Every structure is written in structure tokens, then in C-alpha cells.
Amino acid sequence: MAKGGNKALSETGADVQQAYEGDQRQPLRGYLLLLGVYAATAGGLAGAARLLGRPLPDRVRFDDFALLSLATHKLSRLLTKDSVTSPLRAPFTRFEGRAGASEVNESPRGDGLRRRVGELLSCPFCTAIWVSTALSAGTVFAPRLTRLVCAGLGAVAVSDALQLAYDVGKKAAGATGPSDSDEG
């Protein structure tokens, strides 16, 4: 590289970290590790499919896309917000309070990788890409079972929406008493 070349390419990891953070602490190492794990997992799944002779679909049918979307939404929320799955998140998160409809609010705790995992496990948007990748891989390796699991998760997602709509309808009609969705 010539003298005075591209500074961005010659910066060290520490320089990049410091320039990125400014005066707010935002460790990137844990994120890099999670990105590496995700990329290795996705690459490993693609490689395994090839080695096992499992063809990837030329295109995804709309009904499969809709089913995967519903299932990804529901499983992401189940893993990151549901009261019942709190024990799975507890080593990485801190309980902040109830969020209604059997969900909880949690915040990541600890430092470094523990905190990054806590961020992942308390954010349905962050977890969705992992869930979507796993379910998509399932359509390659075990399509019938994956469709069945996705149909079940999709049914629960629709049921949740109907339960919430029912509560709204009850309140609009002037019904009193505890909401059905407040019970865990």
C-alpha cells in the first residue's frame, strides 16, 4: 500500500472501535463473534445440504413464505418475550416487568459476550433472523416436519391476535373485569 493510502483500511480494530463509539461505550467484539457464529451456521447448513444432496428450492412458494413468516414471528416472540421461556434467558437478562399478554420485558445484563447474547435473547427483531434461518433450513432437511411445526406456530400467532382482538372488543362493549390476556 502506498504511503498516505486509504486510512480506513489501515486502522486497527481498536482504532475502529474508538472511532465508532465516540463517547458512548458500544463494544463490537461480541457482535463480531455472534455474526461469525451466524455466518458459520448458515454456511454450514448450506454445505451440509449440498453434501447430503438436499436441493435448495428454485423459488419459495407464497404459502410457504407466509407460513415461515408467521412461524418466525411467533417463535421469535416466544423465545424473547414469553414468560415461560424466561429461564432460558435468565443467565443473560434481567427481569424488568410484565408486558401484558403473558410477555415480559427484560434487559441484557453483564458485559462482553454475555451482554451481547442478552441483547439477542431479549429482542424479537434480532432473534428473528436466526429463527428464520433455522426454519428455512428445516424446509430443506425436514420439509414435512418443518411445515407442521410452522403451521402450529402460525396457528398460535393467529390465536394470539384473535385473543387480543377479543379483549379489545370486550373493552369496547364496556365489559368490566380482568382481561383474559392478563393471565399468565
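Count the sequence shown with the UniProt record's numbering and you get residues 1 to 184, in order. Built from N, CA and C at the ideal position, the CB exists for glycine as well. Treat the numbers as computed from the prediction; the structure is a model and nothing was measured.
Our contact map puts residue 68 next to residue 150 with C-beta atoms below 8 Å; I'd like the distance itself, whole angstroms only. Working through the sequence shown from its first residue, we reach residue 68 at position 68. Working through the sequence shown from its first residue, we reach residue 150 at position 150. Right, the Cβ-Cβ distance comes to about 6 Å (below 8 Å), so this counts as a contact.
Chain-order list of residues whose beta-carbon lies under 7 Å from that of residue 94 (same chain, five-residue window excluded): Here residue 94 refers to the residue found at position 94 of the sequence shown. Within the same chain, residue 94 has close Cβ partners 106, 107, 109.
Determine the extent of the beta strand (DSSP E) in which residue 96 is found, giving its start and end residues. Along the sequence shown, one-based indexing puts residue 96 at 96. Here the beta strand (DSSP E) through residue 96 covers 93-100.
Could you give the first and the last residue of the continuous alpha helix (DSSP H) run that contains residue 103? Sequence index remark: in the sequence shown, residue 103 carries index 103 (1-based). Where residue 103 is concerned, there is no enclosing alpha helix (DSSP H), although the beta strand (DSSP E) it sits in stretches over 103-108.
Could you check the C-alpha separation between residue 111 and residue 120 for me, to the nearest Å? Reading the sequence shown from its first residue, position 111 is the one you call residue 111. Reading the sequence shown from its first residue, position 120 is the one you call residue 120. Taking the straight line from one Cα to the other gives about 13 Å.
Residues that DSSP places opposite residue 82 in a beta bridge: In the sequence shown, counting from the first residue as 1, residue 82 sits at position 82. Per DSSP, 103.
Less than 9 Å between the C-beta atoms of residue 75 and residue 135, yes or no? Locating residue 75 in the sequence shown gives position 75, where the first residue counts as 1. Locating residue 135 in the sequence shown gives position 135, where the first residue counts as 1. The answer is yes: Cβ separation under 9 Å.
Going straight from the alpha carbon of residue 1 to that of residue 39, what length do you get? Along the sequence shown, one-based indexing puts residue 1 at 1. Along the sequence shown, one-based indexing puts residue 39 at 39. Model confidence at residue 1 stands at a pLDDT of 49, short of 50, so the residue's coordinates are unreliable; what they give is reported in the following sentence. Their backbone Cα atoms lie some 30 Å apart in a straight line.
Pick helix, strand or coil for residue 11, following the three-state DSSP scheme. Position 11 of the sequence shown, counted from the start, is the residue given in the question as residue 11. Residue 11 falls in the coil class under three-state DSSP.
Where residue 101 and residue 72 are concerned, what is the direct C-alpha to C-alpha distance, given to the nearest angstrom? Indexing the sequence shown from 1 puts residue 101 at position 101. Indexing the sequence shown from 1 puts residue 72 at position 72. Cα to Cα, the separation comes out at about 19 Å.
Going straight from the alpha carbon of residue 60 to that of residue 156, what length do you get? Residue 60 sits at position 60 when you count from the first residue of the sequence shown. Residue 156 sits at position 156 when you count from the first residue of the sequence shown. Looking at the two C-alpha atoms, the distance is approximately 23 Å.
Under three-state DSSP, which class holds residue 27? On the sequence shown, residue 27 is found 27 positions in, with the first residue counted as 1. Looking at residue 27 - three-state DSSP - the assignment turns out to be coil, as it is neither helix nor strand.
Please go through the same chain and pick out, in chain order, the residues whose beta-carbon is closer than 8 Å to the beta-carbon of residue 104, but skip the five residues on each side of it. If you number the sequence shown from 1, residue 104 lands on position 104. The answer, listed in chain order, is 81, 82, 83, 86, 95, 96, 97, 98.
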